[in-house]
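In order, the protein sequences belong to chains A and B. Residue numbering for the first sequence follows the working numbering, starting at 1 and increasing by one per position. Residue numbering for the second sequence follows the working numbering, starting at 1001 and increasing by one per position. In this text, a Cβ means the ideal position worked out from N, Cα and C, and glycines have one as well. Treat the numbers as computed from the prediction; the structure is a model and nothing was measured.
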Amino acid sequence: MDPRLGTAVIVVLGVPAVLIGYIWLTERVLGLLGQRARPRLRPWLWLAPALAFLIVFLVYPSIGSLIRSFQNAAGTKFVGLDNYAWFFNDDATLIALKNSLIWLVVLTGLTVGLGLLIAVLVDRVRYETVAKSVIFVPLAISMVAASVIWTFMYDYQVPPNPQVGTLNAALGSAGIAPIAWVQISDFSLNSILLVIVMAWMWTGFCMVILSASLKGINPELLEAARVDGATERQVFRRITLPLMAPTIAVVMTTMVITALKAFDVVYVMTSGHFDTQVVAFQLIQELYNFGNPGRASAIGIVLLLAIVPVMAFNVRRFRAQEAIR
Amino acid sequence: MTAETVRAASVGRWARFGRRIPLHFVVIFLMVIWLIPTIGLLVNSFRPPEALTESGWWTAIFSPSQFTLNNYAHVLAQSNISAGFVNSLFISIPATVIPIMVAAFAAYAFAWMKFPGRDILFVVVVGLLVVPLQSTFIPILTLYGPKGLNIAGSFLAVWLAHTGYGLPFAIYLLRNFMGELPREVFESAAIDGASPVTSFFRLALPMTVPAIAALAIFQFLFVWNDLLVALIYIGAQNPDNAPLTIVVSNLVSSLGGGWQYLAAAAFVTMALPLAVFLALQRYFVRGIVGGSVKG
């Protein structure tokens, strides 16, 4: 038998046991303290394991990035804000910035909108599990395999070669000339075509979380409204939707961040050509292809700052939630 | 029951069905849209590589003679594929369990305990979602190296890393769902003398089960499909511990192209996350939470 199996069993059973033991122990320790110290100390003891992980794996490397963002490519001298000045003045970066904005708006809109629609609709049909599985499957396909299949969806052959791409074949059967998808340079359409690939994958993510929220609504509440004569549409608009609003905000925030960080689809399908460059892929290229960790770090810090408004909105929302619960 | 009432009931059922036709139409339409690329990939995974560039996948449905199991046979014949599968399991299960537990404690503290600096701290924690993982690799590798913890290449290295990377989203999601629970439940429990530990295990956790199920699905999925983190912290140091994603990626690059194997591999590796998804579906039942809350 694999000796690692023993380790794995110990970890799967042992770690939760240790964590539960830890919380139980903190409560015992708090019991020894005075009434006033207890509520002050308790939250920090509950947060400690999470904060330890976050500090080691995310905060500490980010501080390194922050320092690195003020240094030159080789990391030999400090260059002040040069990397940031480059980011906001370079033509290529500005295109990437524009595309990232498109990603942010279109991806978030599509995934959250469709995810909500699907979560609500399948709640009313008997084949809910089947329908949800169908929408969920793309997320379980690896990003590379998904990009490969969409390369075939968008494939374009110069006529008179036969079109093996699904979309162009469909157009062909309707008598429409094939389109060179993803290589059209007008209207940032290429970026939107890439966003569609990502939306196909991530709608399932939004659907699962929104569905969890929908199922959490007390059915008695909806029944009471119906008894009082509310129509289905009123029940949805006045009760279901407001109760789901916090979760919709969480899903939207997560998708905004996913959109800002997305690069795999761009990497596999266009490598940033045809006006499809995005900020996250530029970070990767600066880091691995152009050997400029200084610039890459500056991009990372800009991304961090870019979500400050989103987070401020979240805090306001949580405060409001606390005031009414 | 008289004949009239039976007829009225059946007319009612048909009228109800008629009203629901648009609903079924929209749901099935969306399912078809979502399925087309997946079916394309599935059909292509059964076709020889030459056929792919010559004709569209839909033509294969009408001439099934070109179907072959070679892609699957090749993927499954990889000497390390079963080891990769076992490694993926060893990596994914603890890397799902640990962050969820750690996050649940933190989420409860954020949602139901008052302390100075809470909002700022929460913003920082969720803001860490944006940190590009690539920028953390070098400092963490140094920490894992022989001069630090000396765990590079081990499962422990990836368990810890996935826990750290997964926590911001886990805390965010659970804090949202725990924060929505009604205050009275916790207040009456406190009056009855329940400690925060009891409230957490007896009330907060059971009432957030659908959210925990959703989180478990995604954390498992992300770890199972992760190539990057595994490649950095296990990859070169210890090939014996390589998960399925590394085995599959070697398959593709070592053969230059070879992406028809990728399609087959996608369906092989997809099976388990899909099973987890289906297994956790039973926690997405209306009323699982509602029943315990008299709101």
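Where does residue i sit, in a helix, a strand or coil, going by DSSP?
| i | result |
| --- | --- |
| B/F1267 | helix |
| A/Q71 | strand |
| B/V1293 | The predicted position of B/V1293 is uncertain, since its pLDDT is 44 and thus under 50; a value taken from the coordinates is nonetheless stated next. Here B/V1293 sits in coil by DSSP. |
| B/F1284 | coil |
| A/F290 | coil |
| A/F263 | coil |
| A/F78 | strand |
| A/A230 | coil |
| A/P162 | coil |
| B/L1149 | coil |
| A/W103 | helix |
| B/K1114 | coil |
| A/W181 | coil |
| B/E1298 | Summary: the structure shown does not reach residue 1298 of chain B, with chain B confined to residues 1001 through 1295, and so no result is reported for it. |
| B/S1055 | coil |
Distance check for residue j and residue i, CA to CA, integer angstroms please.
| i | j | result |
| --- | --- | --- |
| A/K215 | A/R226 | 17 Å |
| A/Y127 | B/F1025 | 13 Å |
| A/R124 | A/L114 | 16 Å |
| B/A1015 | A/I217 | 28 Å |
| B/G1295 | B/F1201 | With a pLDDT of 36 at B/G1295, under the threshold of 50, the predicted position of this residue should be treated as unreliable, and no value is reported. |
| A/F57 | B/I1028 | 43 Å |
| A/V112 | B/P1206 | 27 Å |
| B/P1094 | A/V12 | 5 Å |
| B/S1082 | B/I1234 | 17 Å |
| A/F53 | A/V59 | 9 Å |
| B/M1270 | B/A1263 | 11 Å |
| A/E220 | A/R238 | 15 Å |
| B/L1089 | B/W1224 | 8 Å |
| A/I184 | A/W150 | 16 Å |
| A/A17 | B/I1171 | 20 Å |
| A/V71 | A/L303 | Note that residue 71 of chain A is Gln in the sequence shown here, rather than Val. Distance between the alpha carbons of A/Q71 and A/L303 is about 18 Å. |
| B/T1163 | B/T1096 | 8 Å |
| A/T26 | A/A312 | 32 Å |
Given a threshold of 16 other Cβ atoms within 10 Å of its Cβ, counted over all protein chains shown, does residue i qualify as buried or as exposed?
| i | result |
| --- | --- |
| B/P944 | The structure shown does not extend to residue 944 of chain B, since chain B is modelled only from 1001 to 1295, so the question has no answer here. |
| B/Y1144 | buried |
| B/G1127 | buried |
| B/V1247 | buried |
| A/R42 | buried |
| B/I1191 | exposed |
| B/P1116 | exposed |
| B/F1218 | buried |
| A/Q35 | exposed |
| B/S1292 | Residue placement at B/S1292 cannot be trusted, given a pLDDT of 44 that sits under 50; the coordinates are not used to answer. |
| A/E223 | exposed |
| B/S1188 | exposed |
| B/I1098 | buried |
| B/I1120 | exposed |
| A/N190 | buried |
| A/G6 | exposed |
Using only CA atoms, which one of the options lies nearest to residue i?
| i | options | result |
| --- | --- | --- |
| A/W200 | B/R1016, B/M1031 and B/A1015 | B/M1031 |
| B/V1086 | B/V1285, B/N1241 and B/A1271 | B/N1241 |
| A/F281 | A/D275, A/M198 and A/A262 | A/A262 |
| A/G109 | A/G294, A/M255, A/Q285 and A/V278 | A/M255 |
| A/L30 | A/V266, A/W46, A/M269 and A/G175 | A/W46 |
| A/D90 | A/V137, A/A50, A/V279 and A/V315 | A/V279 |
| A/P49 | B/A1107, B/L1156 and B/I1217 | B/A1107 |
| B/Q1281 | A/I192, A/P160, A/V208 and A/K98 | A/V208 |
| A/P162 | B/I1100, B/G1179, B/G1164 and B/E1054 | B/E1054 |
| B/P1273 | A/F152, A/I141 and A/A312 | A/I141 |
| A/I67 | A/A259, A/Y84 and A/L54 | A/Y84 |
| B/F1063 | B/N1044, B/H1162, B/A1214 and B/A1111 | The displayed chain sequence assigns Ser, not Phe, to residue 1063 of chain B. The shortest Cα separation from B/S1063 among B/N1044, B/H1162, B/A1214 and B/A1111 belongs to B/N1044. |
| A/K135 | A/F70, A/I184, A/T203 and A/T151 | Per the sequence presented here, residue 135 of chain A reads as Ile, with Lys not at that position. Measuring from the Cα of A/I135, the nearest candidate turns out to be A/T203. |
| A/L81 | A/T258, A/R316, A/S133 and A/I301 | A/I301 |
| A/N314 | B/A1104, B/V1125 and B/G1193 | B/V1125 |
| A/G297 | B/V1130, B/I1151 and B/L1173 | The displayed chain sequence assigns Ser, not Gly, to residue 297 of chain A. It is B/V1130. |
Is there a Cβ of chain C sitting closer than 9 Å to that of residue i, yes or no?
| i | result |
| --- | --- |
| B/R1013 | Of the chains in the structure shown, none is chain C; the protein chains are A and B. |
(request) Below 8 Å between beta carbons is the criterion; list the residues of the segment 1052 to 1075 of chain B that meet it against any residue of chain A, in chain order. (result) Look at the segment 1052 to 1075 of chain B: the residues with a C-beta under 8 Å from a C-beta of chain A are L1052, T1053, E1054, S1055, G1056, W1057 and W1058.
(request) Return the residues of the segment 200 to 221 of chain A that lie within a Cβ-Cβ distance of less than 9 Å from chain B, sorted by chain order. (result) Against chain B - using a Cβ distance shorter than 9 Å - the residues of the segment 200 to 221 of chain A are W200, T203, G204, F205, V208, I209, S211, A212, S213, L214, K215, G216, I217, N218, P219, E220 and L221.
(message) By the 7 Å beta-carbon criterion, what residues does the segment 19 to 38 of chain A contribute toward chain B?
(response) Hits within the stretch, in order: L19, I23, W24 and E27.
(request) Could you list the residues in the segment 46 to 76 of chain A with a C-beta less than 8 Å from some C-beta on chain B, going in chain order? (result) Against chain B - using a Cβ distance shorter than 8 Å - the residues of the segment 46 to 76 of chain A are W46, L47, P49, A50, L51, F53, L54, V56, F57, L58, V59, Y60, P61, S62, G64 and S65.
(message) Give me the subset of the segment 135 to 149 of chain A whose CB atoms are less than 9 Å from a CB atom of chain B, sorted by chain position.
(response) From the segment 135 to 149 of chain A, only I135, F136, V137, P138, L139, A140, I141, S142, M143, V144, A145, A146, V148 and I149 have a Cβ closer than 9 Å to chain B.
(request) Quick one: which residues of the segment 308 to 325 of chain A get their C-beta closer than 8 Å to a C-beta of chain B? List them in chain order. (result) When C-beta distances to chain B are compared with 8 Å, the residues of the segment 308 to 325 of chain A below that value are V308, M311, A312, N314, V315, F318, R319, Q321, E322 and R325, in chain order.
(request) Scan the segment 230 to 260 of chain A for residues whose Cβ lies nearer than 7 Å to a Cβ of chain B and list them as they occur along the chain. (result) Residues P246, T247, V250, T254, I257 and L260.
(request) Please list the residues of the segment 283 to 294 of chain A that have a C-beta atom closer than 9 Å to any C-beta atom in chain B, keeping them in chain order. (result) The residues in question are L283, I284, L287, Y288 and P293.
(request) Determine which residues of the segment 149 to 163 of chain A have a Cβ less than 8 Å from any Cβ of chain B, and write them out in chain order. (result) Against chain B - using a Cβ distance shorter than 8 Å - the residues of the segment 149 to 163 of chain A are I149, W150, F152, M153, P162 and Q163.
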